[in-house]
Amino acid sequence: MAHICFKFTKTMQVNVRAKQGMLQRCTSDFSFLKKTSAQNFSTHSHVQVDSPYIPRRTLMYVPGHDPKKLRKIPALGIDCAVLECEDGVAINMKAQARRNIRDALEYLETRNIDLALRINSRSSNLMEADLEAVIGDALGPPVAVGKLPQTILLPKVDTVEDLIIFTDRLKSVKLGRNYKPFLVTYVESAHGLMNFQNILKKAEEYSQQGHFSLDGAVFGSDDFVADIGAERTPEAKELIYVRQKFVMIAKAFRIQAIDMVYVDIHDTNGLRIQADEGARMGFTGKQIIHPVQIPHVEAAFTPSPARVEWATELVKSFEEHQSSGQGALIFRGQMIDMPLLRQAQNVLQIVKNVHR
1 MAHICFKFTK
11 TMQVNVRAKQ
21 GMLQRCTSDF
31 SFLKKTSAQN
41 FSTHSHVQVD
51 SPYIPRRTLM
61 YVPGHDPKKL
71 RKIPALGIDC
81 AVLECEDGVA
91 INMKAQARRN
101 IRDALEYLET
111 RNIDLALRIN
121 SRSSNLMEAD
131 LEAVIGDALG
141 PPVAVGKLPQ
151 TILLPKVDTV
161 EDLIIFTDRL
171 KSVKLGRNYK
181 PFLVTYVESA
191 HGLMNFQNIL
201 KKAEEYSQQG
211 HFSLDGAVFG
221 SDDFVADIGA
231 ERTPEAKELI
241 YVRQKFVMIA
251 KAFRIQAIDM
261 VYVDIHDTNG
271 LRIQADEGAR
281 MGFTGKQIIH
291 PVQIPHVEAA
301 FTPSPARVEW
311 ATELVKSFEE
321 HQSSGQGALI
331 FRGQMIDMPL
341 LRQAQNVLQI
351 VKNVHR
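Position 333 of the sequence shown, counted from 1, bears residue number 333 in the UniProt record's numbering, the numbering being contiguous throughout.
Structure, rendered in structure tokens:
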């Protein structure tokens with residue numbers, strides 16, 4: 001999919017910050033959660049408790065061929081900024097995008113943003129050039145490890161062989177440096193979905209060997225729809241089964257699941273509906289292509305104050321109930337079982353991860 005390039009004006013910056021301000025006032029004060037220790041969270045939570053968690057509620061593509069947009073990344077207020085070499089960059093601009101991204105790594109200050117690099121796929125025959133230019137030394141002395149992208153996004157992973165070839169190329173461009181990026185893979189075809197489990201198994205193996213740290217997966221809906229010959233609709237009912245299967249496999253490997261792009265940047269109501277649906281399905285974040293989408297998507301993947309209050313009180317009641325040795329726990333008129341307790345623990349863990 002050729003991603004829409006955003007126009008980030010001063011007016012839009014004010015609007016985005018205003019909307020983010022409203023969201024922040026609703027979600028920022030979770031200091032009371034410190035009273036709940038990490039041991040209280042179930043290992044069945046859909047996020048890992050014992051490993052570093054990089055929030056990617058909002059994953060936004062920034063075209064690498066446009067240095068003006070790259071410079072605006074720190075002001076966007078997003079979780080993950082994707083330095084784009086793939087679909088969002090025309091073939092005749094790929095080389096320029098690599099140079100711009102390499103330069104941007106030297107000057108960008110993104111303390112609270114996951115700076116990610118989306119390279120081209122193995123099938124494009126451009127993947128190696130991307131890695132050599134940005135990570136390696138094809139354009140001069142290699143970038144210092146501390147300034148390299150924290151995350152690499154690998155698109156169109158259809159087979160285990162795609163992952164093997166990528167890993168081999170990544171090892172060669174590290175040039176002996178201690179660089180272990182997070183890895184986020186993409187499912188964008190029927191073959192990719194069929195092989196998803198085996199791909200993640202292999203990625204887990206490589207993670208244990210120290211080549212990278214498998215951290216998430218992205219569902220690329222437009223390429224998937226084209227691959228299976230379906231017709232894309234605003235409601236995306238044709239993709240419900242696929243999204244559910246994608247989430248199930250991703251969560252079985254305890255990694256983040258990033259939902260599809262909502263391409264109509266003017267339809268904020270449709271965006272909110274789809275983002276809320278994705279959050280209910282178990283996705284941990286969503287791809288976005290324009291700053292106006294940021295506050296709506298962030299809100300969908302951040303528990304509301306009411307939801308956090310419910311979860312906090314439920315966990316507290318459960319702990320008190322356990323210590324008292326009483327019978328069945330009734331909370332706000334409802335009998336509490338373990339699945340409901342885990343839902344509450346998941347809510348608190350999400351908040352803990354986001355505000356870490």
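Here a beta-carbon is modelled for each residue, glycine too, at the ideal position from N, C-alpha and C.
Within the same chain, ASN195, ASN198, ILE199 and LYS202 come within 7 Å of VAL160 by CB-CB distance, once the 5 residues on both sides are set aside. Cβ neighbours of GLN274 within its own chain (closer than 6 Å, five residues either side excluded): TYR262. In this structure, ALA116 lies near PRO149, with their beta-carbon atoms less than 9 Å apart. Taking all protein chains in view, the Cβ of ARG243 is crowded by 16 or more other Cβ atoms within 10 Å, so the residue is classified as buried. As the crow flies, the alpha-carbon of PRO305 is around 14 Å from that of GLN349. Across the structure, PRO142 and GLY176 are spaced so that their CA atoms are roughly 11 Å apart. Within the region 208 to 282, the runs of alpha helix (DSSP H) at least 4 residues long that lie entirely inside it are, in chain order, 221 to 228, 240 to 252 and 268 to 281. Inter-residue distance for PRO55 and MET127 is about 26 Å (C-alpha atoms, whole angstroms).
When Cβ pairs closer than 8 Å are counted between the two stretches, the region 202 to 211 is seen not to touch the region 235 to 251, the count staying below three.
If you look at GLU84, you'll find it in the beta strand (DSSP E) that goes 80 to 84. Excluding the 5 residues flanking it on each side, ASP227 has same chain C-beta neighbours closer than 6 Å at SER189 and ALA190, in chain order. Relative to ASP66, the option among VAL89, GLY77, SER124 and GLY216 whose CA is nearest is VAL89. Rounded to the nearest whole angstrom, the C-alpha separation of PRO339 and ARG99 is 50 Å. A Cβ-Cβ contact shorter than 9 Å links ILE78 with MET60. For MET93, there is no enclosing alpha helix (DSSP H), as DSSP marks it with neither H nor E. Residue state for LEU340 is assigned as helix, using DSSP reduced to three classes. In the DSSP assignment, PRO55 falls outside any beta strand (DSSP E), carrying neither H nor E.
Secondary structure note for ALA116: its beta strand (DSSP E) is the uninterrupted segment 114 to 118.
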